[in-house]
Structure formats: C-alpha cells, structure tokens
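Shown next, in structure tokens, is the structure this report addresses.
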Amino acid sequence: MRVVFGIDVSKASSEVAILVNGEKVHGYTMPNDAIGFNRLQGDLKMVQSPEIVFEATGVYSCRLQAFLENNDYAYTRLNPLEAKKQLDSLRVRKTDKIDAEKLAQSQFILNRKPTYVQKEVYQNLRALSRFYQNLTEDIVRAKNRLHKVLQVTFPELENLLSTPTGQQYWILVMAFPCKDLVLELGQEAVSSTIRQSTSKRMSDKRVAYLTDRLTELAKQSYCAVKKSSPVIEEVRYYAQELLKLTERRQVVLDEMVRLAQPLPEYDILLSIPGIAETTATSIIGELGDIRRFQSANQINAFIGIDLRHYESGNFLAKEHITKRGNPYARKILFKCIHNIASASHTNPCHIADFYEKRKRQSQVTSTKPHTIASMHRLIRTIHYLITHNKLYDYSSTQSQ
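With the working numbering applied, the sequence shown corresponds to residues 121 to 520, in that order.
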C-alpha cells in the first residue's frame, strides 16, 4: 500500500491531500505553525513509509521542510517550474486543494526520488553566502548614495586617496563632509584626524602629504549647501553605514571560512589558480555538496548555464543559456573566470588558456560567450577534482 501526502504550501497555511494507491482518502487545510505540523505528524505516524511531495515556495516552504527534516521524514521538494510542467497536463482547474491532490497523484505516475538532504554545514554556508551577497549589494547601494550627496558638499574629497573607498576614506568623509570643516581646523587638528583614520601606523611624511592635499582640495572646492544643511548629516550617515556594513561582511566571511575549512573541497577549490577564500566559500555555499550531482551537466542546469536549443524545419534559433537556476552561483562563477584569467600571468591554468584561445579565435567583441564556455569547463574541473578528492595540477592538464 502506497500512501502519498501532497502538500500545497502558501504563506500562512497549506493544503494537504492524502492519497492511498491513487485514491484520495482525506484532505484538510493546516496552518504553517506548530499546531498545523502536529496535526500533520499525527497523520504521518499512522502510515508506514509515507511519501511526501510539496513544491518549493521560497521562504514559505522552509518551515515545512525543517519540520520534516527534524522528524526524519523523507520528502520530495519540487522546483516550481518543474512542478508546473508536470501538473499542467493533469489539471484543468487550479486551486490550492486541486494542486495538493495533483501533486500526490503525479507521484504515483512519476515515482520521484526523495530530495537529497544536505548536511547542516552546507545549509549554514548557503545562508551565510546569501547574507554575504546581500551585504555586498547594500554596500554598493550605499556607495552610490554617498557619491551622489558628496557631489553636493565636497566632491574633491574623492581625489584624496588612490580610490574613494575603504575604512580610512569613510572615516575621513565622516570627519570632513564639507570643505569648511577642513579650513576651520588647524593643521595639527587635521593631521591628528588623518592619523586616527587608519588602524595601520602611518609615517609622518604620509600624514603631512595627506594634510596638505586635503587642505588644497578644500580650498579649490565650492560647496553647494551650507554646513548647517541636512545634506551634511546625510553624508556622514552613508559613510557610517559603509563602515558598519563592511565590518559586518568581514565577520560573515570569517564565519564562512571557519565552517568551510574542515571540508575537503575547500582546499581543492583553493588549489585552482585565481580562486581565493572568498570565492571558494561562496562556491561551496551556493553549490552545496557537489558530490550529489552525478555529472557536471547537472551543475550547469542547477545554475542555469545549460543551453536552450530550438529547431523547427529549416529554422535553427541561436542558442542561449536558460538562466533557470541559481543566479548567485552563476554570478560568482562568472566573476571567477575573470579572476582565473587575471591570475594566469603568474599562476597558469588550463581554464585561462581555454578562455584566451576562445577570445583569439572569435570575431565577436563581447567576452560573455567565452566566459560562459569557460564556466562550463571550470564546473567540469571542480566536479572531477571534488568527486575524486584531488588537488588541481596544471601539468596534469597538459598531458591529456
């Protein structure tokens, strides 16, 4: 006797359909809380080896998934696109109750395997990776806003250091958001502020140079607002936020490294030229346990760089990647190719060789097609090294 629980998850509640040998015997609505899960557990305990099928609905299905994992129930979690394709042929009308029943019915036809549950360390790395990416997006947003308001108060300040970013720069922005605050202070006060703007020990010569440079920039600047304007405080606010965000992001990165270091794939990824600890931990966080993929092509589909092929009669459409996958992993690996290419001047890598070869042979000015092709080669390399527990060796790639 096969008993399948089809669960259609919504924001606050879920529809449950219980089918025995293909026939619905019970159905109900449960809240997505402890009360609802206790009711579901009561029904699950009455059945030996229940099959549970539900559709991933972002953060709303996380609580159900956690409940099933905490109680050691195997489950099948469907990708929304996959679920839509499988259920469209089984339903004419669409409601939550019908969806729950059709999910269960389709299990009798398709006999899906249970979803692979990754170890807690991979789940934690994924959460930290997303946190890291969100903090990076917040930093970029705050930088753009700081640049905008600084054009009104003291745009020349962006030319003080080699790059208008970093802890020292943001501390100086907080101290001198407009030129008047520089000119009103004496040379000693300005020098003291500059000396305190960095945790590194600064030479007297460097301090004197920055003091003279800052004074020179203040004299040539023209502020569009008075120093009592609210815009001055806005400049300080964004500089302070950037300090907090960068410090928090570093804490998150340190925690990611701490979790990833004991994993064998961490050293394997670091052995590939151009991949540093930030990229290595992010790849592990987004791809998870790579050993669960049977081939590199499955990883391609997981991150959405598998090709969409369309052919009809004499018409053959140009192939494009599907982008139906993990956008964070796709972005990380895309940047990784350029890092590998940059590092190849001192640390050769067969992926960089392939990338440069494609660039030379192509008549297309855009490097995106070459990067996507190189991403596939990188994925194949990562999958092979991790599944065979080997470090990267450039010489071995030349002998093949």
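Each residue gets a CB set at the ideal place from its N, CA and C atoms; glycine is no exception.
Contact check, residue i vs residue j, beta carbons under 8 Å
{"i": "VAL269", "j": "LEU184", "result": "no"}
{"i": "THR285", "j": "LYS263", "result": "yes"}
{"i": "GLY147", "j": "ILE138", "result": "yes"}
{"i": "SER317", "j": "LEU280", "result": "no"}
{"i": "LEU266", "j": "VAL136", "result": "no"}
{"i": "HIS470", "j": "TYR504", "result": "no"}
{"i": "ALA463", "j": "PRO393", "result": "yes"}
{"i": "GLN381", "j": "MET294", "result": "no"}
{"i": "ILE410", "j": "ILE425", "result": "no"}
{"i": "THR196", "j": "VAL179", "result": "no"}
{"i": "LEU198", "j": "ALA176", "result": "yes"}
{"i": "GLY408", "j": "ARG246", "result": "yes"}
{"i": "ASP219", "j": "LEU207", "result": "yes"}
{"i": "ARG377", "j": "GLU353", "result": "This sequence places Val at residue 377; Arg is not what is there. No, the pair does not count as a contact, with Cβ atoms beyond the cut-off."}
{"i": "LEU379", "j": "ASN509", "result": "no"}
{"i": "VAL123", "j": "GLU189", "result": "no"}
{"i": "CYS456", "j": "THR501", "result": "no"}
{"i": "GLY142", "j": "PHE228", "result": "yes"}
Endpoints, alpha helix (DSSP H) assigned at residue i
{"i": "ASP513", "result": "Taken as a continuous stretch (DSSP letters only), ASP513 belongs to no alpha helix (DSSP H), as it is neither H nor E."}
{"i": "SER311", "result": "307–315"}
{"i": "ARG480", "result": "470–481"}
{"i": "LEU139", "result": "Note, LEU139: premise wrong, no alpha helix (DSSP H); beta strand (DSSP E) at 133–140."}
{"i": "VAL293", "result": "287–295"}
{"i": "THR401", "result": "397–407"}
{"i": "HIS458", "result": "447–463"}
{"i": "VAL345", "result": "Here VAL345 belongs to no alpha helix (DSSP H), and DSSP marks it neither H nor E."}
{"i": "ASN420", "result": "416–423"}
{"i": "THR442", "result": "No alpha helix (DSSP H) holds THR442; DSSP gives it neither H nor E."}
{"i": "LEU301", "result": "299–303"}
{"i": "TYR193", "result": "Segment: none, TYR193 is in no alpha helix (DSSP H) and carries neither H nor E."}
{"i": "LYS214", "result": "Here LYS214 belongs to no alpha helix (DSSP H), and DSSP marks it neither H nor E."}
{"i": "ASP324", "result": "324–340"}
Limits of the unbroken beta strand (DSSP E) element including residue i
{"i": "ARG378", "result": "Element bounds for ARG378: not the beta strand (DSSP E) but the alpha helix (DSSP H), 350–380."}
{"i": "THR149", "result": "143–151"}
{"i": "ASP128", "result": "123–129"}
{"i": "LEU383", "result": "LEU383 -> no beta strand (DSSP E), and no H or E assigned at all."}
{"i": "THR196", "result": "196–198"}
Cβ-Cβ separation, residue j to residue i (assumed contact under 8 Å), whole Å
{"i": "SER169", "j": "PRO151", "result": "Contact doesn't hold; Cβ gap of about 26 Å is too wide."}
{"i": "CYS343", "j": "THR273", "result": "6 Å"}
{"i": "LEU248", "j": "GLY405", "result": "6 Å"}
{"i": "VAL140", "j": "MET121", "result": "6 Å"}
{"i": "TRP290", "j": "LEU363", "result": "5 Å"}
{"i": "LEU498", "j": "LEU453", "result": "6 Å"}
{"i": "SER311", "j": "THR331", "result": "5 Å"}
{"i": "PRO234", "j": "ALA194", "result": "4 Å"}
Test: residue i CB closer than 8 Å to a CB of chain C
{"i": "VAL140", "result": "Any reference to chain C falls outside this structure, which holds one protein chain only."}
Pairs of beta-carbons, one from the stretch 253–263 and one from the stretch 358–375, closer than 8 Å: are there three or more? Touching, yes, given that three or more Cβ pairs across the two stretches are closer than 8 Å.
Would you be able to state if there are at least three C-beta pairs under 8 Å between the stretch 296–309 and the stretch 336–354? Result yes; three or more Cβ-Cβ pairs closer than 8 Å.
Can you confirm whether the stretch 493–508 touches the stretch 467–479 when touching is taken to mean that 3 or more C-beta pairs between the two stretches lie within less than 8 Å? Yes, they touch.
Should the stretch 312–325 be regarded as contacting the stretch 385–398, the criterion being three or more beta carbon pairs within less than 8 Å? Cβ pair count under 8 Å is below three, so no.
At what residue ranges does the stretch 216–266 contain a whole run of the beta strand (DSSP E), taking only runs of 3 or more? Runs found: none.
So, does the stretch 412–422 touch the stretch 443–453, judging by three or more C-beta pairs under 8 Å? Touching, per the Cβ criterion.
Would you check if the stretch 212–221 and the stretch 233–242 touch, i.e. whether three or more CB-CB distances between them fall below 8 Å? No, they do not touch.
So within the stretch 150–184, which uninterrupted alpha helix (DSSP H) runs reach at least 4 residues, ignoring any that extend past its ends? Taking only runs of at least 4 residues, the alpha helix (DSSP H) segments lying wholly in the stretch 150–184 are 154–165.
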